[in-house]
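J.: So that we are looking at the same thing, I have put the structure below in structure tokens.
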Amino acid sequence: MASAWRRLGFYVCFLKSKLNGGPDIISRGRRVIPGCARGIYSATGTWTKEYTLQTRKDVENWWHKRIKEETSKISEADKSKPKFYVLSMFPYPSGKLHMGHVRVYTISDTIARFQKMRGMQVINPMGWDAFGLPAENAAIERNLHPESWTQSNIKHMRKQLDRLGLCFSWDREITTCLPDYYKWTQYLFIKLYEAGLAYQKEALVNWDPVDQTVLANEQVDEHGCSWRSGAKVEQKYLRQWFIKTTAYAKAMQDALADLPEWYGIKGMQAHWIGDCVGCHLDFTLKVDGHVTGEKLTAYTATPEAIYGTSHVAISPSHRLLHGHSSLKETFRKALVPGQDCLTPVTAVNMLTQREAPVVILAKADFEGSLDSKIGIPSTSPEDASLAQTLGLPYSEVIETLPDGTERLRNSAEFTGMNRQDAFLALTQKARRKRVGGDVTSDKLKDWLVSRQRYWGTPIPMVHCPACGPVPVPLQDLPVTLPHITAFTGKGGSPLATASDWVNCACPRCRGAAKRETDTMDTFVDSAWYYFRYTDPQNAHSPFNAALADYWMPVDLYIGGKEHAVMHLFYARFFSHFCHDQNMVKHREPFHKLLAQGLIKGQTFRLPSGQYLQREEVDLTGSVPVHANTKETVEVTWEKMSKSKHNGVDPQEVVGRYGIDTIRLYILFAAPPEKDILWDVKADALPGVLRWQQRLWALVTRFIEARASGTLPRPQVLSNEERAEGRKLWEHKNSVISEVTAHFTEDFSLNSAISQLMGFSNALLQASQRVVLHSPEFEDAVCALTVMAAPMAPHITSELWAGLQQVPGKLCAHYAWDAGVLLQAWPAVDPQFLQQPDVVEMAVLINNKACGTIPVPQRVSRDQDKVHELVLQSELGVRLLQGRSIKKTFLSPRTALINFLVQD
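Counting in full-length UniProt numbering, the sequence shown runs from 1 upward without gaps.
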């Protein structure tokens with residue numbers, strides 16, 4: 001045996017026992033390695049047969065740095081190669097990673113490694129969503145500056161990510177609080193302003209009394225509480241900056257149809273936008289025939305019938321009755337609570353120049369999110385009733401032809417058109433004249449982006465007494481934040497206290513002016529960051545169009561489902577806008593979306609609502625109770641939180657179980673879109689630990705067989721042994737097909753691991769002569785190791801190092817001079833594709849993978865037939881005969897059948 005090891009190039013290590021406290025020494029030629037009583041082949045030259053805790057530590061310590069160096073470099077875009085852009089939502093630098101971070105980044109890292117092995121040019125970038133209220137609140141609490149707090153957190157979290165062995169494209173790192181990033185956020189804001197899509201108005205806004213700032217509608221939950229602080233939101237009238245997201249509602253709604261399924265997220269987006277059937281139109285207001293200078297925007301679901309307007313209705317809560325409007329007193333005098341009130345104010349439609357009275361409706365709430373709407377009796381019985389009650393004149397503008405077609409009359413140049421053509425023509429004319437016309441819903445409101453806090457992107461506008469609001473010239477960007485040290489957290493922007501910064505010259509007339517002191521909502525920063533990753537060092541524009549067109553759209557976007565409405569809606573809006581600005585050719589930013597589930601921890605809560613630590617709970621009785629008071633304790637699973645005492649420190653679990661084990665646990669415990677209930681005693685963690693040991697045992701058996709002194713000779717195999725090898729060949733091709741589909745189509749990486757587990761079990765059952773002489777066995781072991789590499793890069797790197805040294809290789813198609821992560825992803829053999837269609841069905845018993853059986857494609861979706869085939873198979877006879885089967889679940893999509901049995 002020793003001579004065989006020497007032929008392999010392995011070295012015999014002489015271990016010296018510790019005497020008098022002296023260190024263990026391994027002699028390897030001239031090299032002396034202290035402290036390696038147990039080692040790995042890569043360090044000692046000797047293959048370790050057992051995969052122990054120490055072996056795992058040695059493997060990860062050795063390969064961590066080497067894997068990082070091997071995979072971190074991304075070349076500039078080579079347009080001759082196919083690209084793959086995998087993006088995980090970037091984190092807020094809170095200073096500490098949580099298990100949710102570990103899950104999303106493990107998924108993105110695994111997909112990125114897989115796509116590299118497929119020959120794709122891949123970017124998997126990382127950055128920091130670094131502005132926001134938490135940093136400013138921390139500055140107030142800790143007497144720190146938000147910038148120093150944020151930068152120290154970034155430094156710490158970057159180290160944490162590095163310890164997890166993640167292969168991010170760090171050369172593309174971005175940080176939203178740095179001027180070289182937010183300069184371009186300001187640039188895009190000015191482009192929106194120039195396009196008429198950023199504007200300022202007085203409005204009834206959502207005020208967070210804890211964080212002392214306004215919130216967009218999307219940032220208020222269904223209970224009327226702030227999405228961040230949890231405080232009950234108050235209503236205030238303030239002059240604020242808005243981005244006109246309603247202008248893209250119809251385009252964004254329609255574009256959803258061309259996107260692949262997003263695990264229900266498309267439906268959430270569609271619901272949020274609403275049915276886009278009408279539009280807003282602009283009016284000027286008059287009193288006694290005199291133009292007041294006030295304007296009003298109102299919605300109608302039937303703009304084609306605008307020439308039949310009888311009135312414009314506003315709600316009692318409209319800003320004209322409560323804000324700083326010059327008409328406030330006029331409207332208030334006309335108001336009679338509980339009644340529909342005709343006012344002396346007249347609204348002049350800026351498109352048709354037709355006049356109609358303004359009416360204050362008795363009901364406080366309109367449809368959707370409206371506070372004003374256009375009354376058109378021809379298309380609304382409710383409007384007709386009101387017009388009749390108040391004696392308001394109007395024109396009938398819809399006539400129905402004998403064939404049922406409706407067309408317009410009394411409608412100027414639109415007369416004679418059918419309603420659909422008139423709708424298109426009128427809304428287009430309104431948009432052209434910039435007096436409304438953007439097709440939207442009655443529930444969507446424009447995006448309120450003003451924030452009365454310091455730590456955010458300064459809004460690049462100047463307020464001039466003579467010129468009004470004026471954008472900062474592009475060549476003067478960025479408008480950087482002044483250095484402020486005193487933060488109170490009280491109402492009003494802290495920027496207003498920096499007089500040297502606030503007072504400036506008007507860019508247009510050079511007269512005395514003041515800067516805008518509100519900063520932008522941090523969602524503006526994250527609404528375009530995926531573009532910046534394509535060209536992060538560009539100092540001349542937000543990004544180069546050619547680079548953006550090469551990398552975009554993002555092929556796979558991974559993040560939490562909680563961002564399915566706000567962030568995703570804003571990001572899609574910015575992408576549509578940049579497309580219309582001819583900055584990019586793609587309208588939609590994300591192709592496939594994977595909304596990963598939460599990782600939940602077990603919580604223990606008293607009836608009072610107080611959360612307990614696990615040590616405070618007595619679990620020995622029939623029901624859990626408080627160890628001291630004996631009060632009954634409610635046990636549930638909730639999102640991990642420090643306040644609920646159910647969080648898990650990623651560094652602690654990685655230190656205990658290892659990077660690969662935690663990666664495999666996270667990927668195997670549940671499909672990515674489902675929640676994981678964190679319980680390391682459950683089947684998932686012991687299962688992946690055992691699987692790593694089986695992989696090690698499989699490769700060890702192969703190495704020992706080839707080290708026996710007998711070189712492989714496939715010709716000596718019997719017909720029965722050749723058939724066994726042929727079966728392994730078929731199994732290998734089936735697994736390659738299934739695992740590749742999971743990586744590219746449904747991202748059910750848990751099912752991919754199940755397939756590999758079943759495959760490794762089959763290989764462990766191979767006869768000894770097949771292990772030694774069969775090229776199919778050698779190829780199967782190598783393919784298994786390569787396919788496991790994206791998910792468990794450290795252990796597979798060591799396994800591959802062992803395989804590299806095996807003599808007499810029968811498979812020449814692997815790059816034996818390169819590491820496992822640089823191997824090409826295994827391909828299905830062409831001969832296999834020519835076989836009759838057969839599906840390799842994975843068989844699970846009580847959720848545990850037990851093996852596979854071949855099933856004809858034609859019956860693979862028939863649960864009863866698959867059930868019967870399993871029972872008739874050798875696997876079924878051995879494992880299921882005589883057992884009580886309670887239920888069977890067939891998943892044709894993942895080629896899996898699960899038997900729930902009771903012993």
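Beta carbons: idealized from backbone N, C-alpha and C, even for Gly.
Please identify the residue among N646, E631, K630, T629 whose C-alpha is closest to the C-alpha of W637.
T.: N646
J.: What would DSSP say about Y85, mapped onto helix, strand or coil?
T.: strand
J.: Does DSSP put T457 in a helix, in a strand, or in coil?
T.: Here T457 carries a coil assignment [DSSP, helix/strand/coil].
J.: Once you ignore the five residues that flank T150 on each side, which residues in its own chain have a CB closer than 7 Å to its CB?
T.: P93, A130, A135, C177
J.: Would a C-beta distance cut-off of 7 Å place K295 and T302 closer than the cut-off?
T.: no
J.: Taking CB distances under 7 Å as the criterion, tell me whether D383 reaches chain D.
T.: Considering every chain present, this structure includes no chain D. It has just one protein chain.
J.: Can you give me the Cβ contacts of Q768 inside the same chain, cut-off strictly under 8 Å, excluding the 5 residues immediately before and after it?
T.: A705
J.: Check whether the Cβ atoms of L133 and D221 sit closer than 7 Å, and answer yes or no.
T.: no
J.: Starting from residue 909, follow its DSSP beta bridges and name the residues at the other end.
T.: With the chain covering 1 to 903 only, the question about residue 909 has no answer from this structure.
J.: May I ask you to verify whether the segment 159-166 touches the segment 509-526, counting CB pairs closer than 8 Å and requiring at least 3?
T.: no
J.: Should S493 be labelled buried (16 or more other beta-carbon atoms within 10 Å of its own) or exposed?
T.: buried
J.: What is the DSSP secondary structure of R376, counted as helix, strand or coil?
T.: The sequence shown places Ile at residue 376, not Arg. DSSP places I376 in coil when its eight states are reduced to three.
J.: Select from P460, A486, K585, G416 the residue whose C-alpha is nearest the C-alpha of R142.
T.: A486
J.: Could you round the C-beta distance between V838 and V855 to whole angstroms and report it? I think they count as a contact, below 8 Å.
T.: 7 Å
J.: Between A298 and S378, is the Cβ-Cβ spacing less than 7 Å?
T.: no
J.: The alpha helix (DSSP H) that contains S441, what's its start and end?
T.: Counting along the chain, S441 falls outside any alpha helix (DSSP H), and DSSP gives it neither H nor E.
J.: Taking R239 and L821 to be in contact with their CB atoms under 8 Å, please state how far apart those CB atoms are, rounded to whole angstroms.
T.: R239 to L821, Cβ: 56 Å. No contact.
J.: Mapping DSSP to helix, strand and coil, what is R469?
T.: A small fix is needed here, since residue 469 is Pro in this sequence, not Arg. If DSSP states are grouped into helix, strand and coil, P469 belongs with the strands.
J.: Let's see if you can read the secondary structure: which residues bound the beta strand (DSSP E) around C177?
T.: No beta strand (DSSP E) holds C177; DSSP gives it neither H nor E.
J.: Rounded to whole angstroms, what's the CA-CA distance from I111 to F759? Just pull it up for me.
T.: The C-alpha of I111 lies about 21 Å from the C-alpha of F759.
J.: Using the Cβ count rule (16 or more neighbours within 10 Å means buried), how would you classify I676?
T.: So I676 counts as buried.
J.: Between the alpha carbons of D403 and G436, how many angstroms are there, rounded?
T.: 33 Å
J.: Using the three-state DSSP reduction, which class does H101 fall into: helix, strand or coil?
T.: helix
J.: Using 7 Å as the threshold, is the C-beta distance between V554 and L87 below it?
T.: yes
J.: Spatial neighbours of S734 within its chain, please: CB distance less than 6 Å, with the 5 preceding and 5 following residues excluded, ordered by chain position.
T.: E840
J.: Counting pairs of beta carbons, one from the segment 173-187 and one from the segment 410-425, are three or more of them closer than 8 Å?
T.: no
J.: Leaving out five residues before and five after L448 in sequence, what residues of the same chain have Cβ atoms less than 7 Å from its Cβ?
T.: Its chain contains V205, V214, A216, Q240, F242 as the residues whose beta carbon lies nearer than 7 Å to that of L448, once the 5 sequence neighbours on both sides are disregarded; these appear in chain order.
J.: If you draw a straight line from the alpha carbon of R508 to that of T185, how long is it in whole angstroms?
T.: 22 Å
J.: For H101, count neighbouring C-beta atoms within 10 Å of its own C-beta (all shown protein chains included) and say buried if the count is 16 or more, exposed if not.
T.: buried
J.: In the structure shown, what three-state DSSP assignment does C341 receive?
T.: strand
J.: Could you tell me the alpha carbon to alpha carbon distance between K630 and E616, rounded to whole angstroms?
T.: 10 Å
J.: List the residues that DSSP assigns as beta-bridge partners of I107.
T.: Paired residue(s): none; I107 is not in a bridge.
J.: Report the start-end ranges of each alpha helix (DSSP H) in the segment 600-677 that is 4 residues or longer and not cut off at the edges.
T.: 650-657, 659-668
J.: So what does C464 bridge to, in DSSP terms?
T.: G468
J.: So what does H280 bridge to, in DSSP terms?
T.: Y299
J.: Taking three-plus beta-carbon pairs below 8 Å as touching, is the segment 426-443 in contact with the segment 471-483?
T.: no
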